[in-house]
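The block underneath contains the structure these notes are about, expressed in structure tokens.
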Amino acid sequence: MIEALLPDRVRCAEAYADPVETPRLFPEEEAVIARASNRRRRDFATVRACAREALAGLGVPAAPILPGRLGAPAWPTGVVGSMTHCEGYRAAVVARAGDLDGLGIDAEPHAPLPGRELDVIARPEEGARLDALTARRPDIHWDRLLFSAKEAVYKTWFPVTGSWLGFDEASIAIDPDGGTFRAHLLPADASAVLGRPAMLEGRWLVHEGIVLTAIALEPVGAALPAGQPAAGMSGLAEMPSSRQSRPNSNRARSSP
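And the structure:
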């Protein structure tokens with residue numbers, strides 16, 4: 001399912017359930033997860049089994065995939081990648097560092113965000129866009145899709161820049177027809193630290209109760225790959241041009 005959102009240069013592996021026997025981990029990984037709950041252990045092990053399957057598709061030998069700074073997975077040298085898991089789905093994607101500058105994927109259950117979570121993650125202009133999207137397509141939980149897109153943005157941003165990005169520091173416009181989204185990055189130094197214009201483009205789908213989002217960060221100056229449309233987004237004129245305050249930007253993100 002995730003491969004539908006990414007270029008052919010990316011190797012993907014996914015699972016819809018944990019295997020009966022928990023996949024084996026490297027000793028270094030065992031040390032990381034030693035005190036975790038059984039559920040967390042299964043998530044951790046299965047998504048790493050997916051990662052090793054994807055790495056094998058690149059011809060990269062199996063290796064420990066340990067959480068690095070702020071929980072971001074540390075990939076083998078010369079590889080960029082991303083992992084995600086939620087109830088009923090786990091996935092990992094990888095590519096050669098020469099083929100892509102970064103990857104970010106996220107999976108979420110297709111259900112409304114709980115409680116006041118939307119107030120934490122959404123900027124005012126995003127709330128207005130969600131209202132319009134819901135009026136047009138009430139069958140999709142756009143709040144959950146927005147959350148997932150922001151997670152994919154962060155997973156792409158952090159390995160490239162090494163810096164935090166709060167939920168309120170990316171303003172996202174979703175194209176309901178093209179299955180794409182565009183994230184305008186608001187930190188004043190975003191373009192400088194990213195090494196390109198302060199914009200990320202991704203793709204999304206909703207299938208069998210799962211929301212998936214993905215970003216493939218092309219090398220600077222690369223042509224857009226065939227089959228990956230340029231995102232002609234609605235609502236871009238509403239995007240703010242300055243960085244705003246960060247009252248909710250320190251919400252903890254989970255690590256794969």
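Residue numbering for the sequence shown follows UniProt numbering, beginning at 1 and increasing consecutively.
Beta carbons: idealized from backbone N, C-alpha and C, even for Gly.
- In the DSSP annotation of this structure, the continuous segment of the beta strand (DSSP E) that includes Ile105 starts and ends at Gly102 to Pro109.
- By DSSP's assignment, Leu185 forms a beta bridge with Ala170.
- Note: Asp175 is bridge-paired with Thr180 in the DSSP secondary-structure output.
- The Cβ atoms of Pro67 and Arg48 lie no closer than 8 Å to each other.
- Boundaries of the beta strand (DSSP E) harbouring Trp204: Met199 to His207, taken from the DSSP string.
- The alpha-carbon of Ala17 is positioned some 19 Å away from that of Ile33.
- Nearest to Arg182 by C-alpha distance, out of Ile210, Ser82 and Ser148, is Ser148.
- In this chain, Glu14 is not harboured by any alpha helix (DSSP H); it is covered by the beta strand (DSSP E) spanning Arg11 to Ala15.
- Assignment of Pro67 by DSSP, reduced to helix, strand and coil, places it in the strand class.
- The beta-carbon distance between Ala170 and Lys150, rounded to whole angstroms, is 6 Å. This is short enough to meet the 8 Å contact definition.
- In the three-state scheme derived from DSSP, where H, G and I count as helix and E and B as strand, Ala214 is classed as strand.
- The criterion of a C-beta distance shorter than 8 Å is not satisfied by Val60 and Val80.
- Using a 10 angstroms sphere on the CB of Leu70, the tally of other CB atoms stays under 16, which defines it as exposed.
- Rounded to whole angstroms, Val20 and Glu87 show a C-alpha spacing of 16 Å.
- In this structure Thr180 is buried. Its beta-carbon is surrounded by 16 or more other beta-carbon atoms within 10 angstroms.
- Exclusion of the five residues before and after Thr156 leaves Gly102, Leu103, Gly104, Leu200, Ile215 and Leu217 as the residues of its chain whose Cβ lies within less than 7 Å of its Cβ.
- DSSP, read as helix, strand or coil, puts Thr77 in coil.
- Within the model, the alpha-carbon separation for Leu55 versus Arg203 is close to 22 Å.
- Taken through DSSP and simplified to helix, strand or coil, Ser82 comes out as strand.
- In the displayed model, Ala92 falls within a strand according to three-state DSSP.
- For Ser148, the uninterrupted alpha helix (DSSP H) run begins and ends at Trp142 to Thr161, by DSSP.
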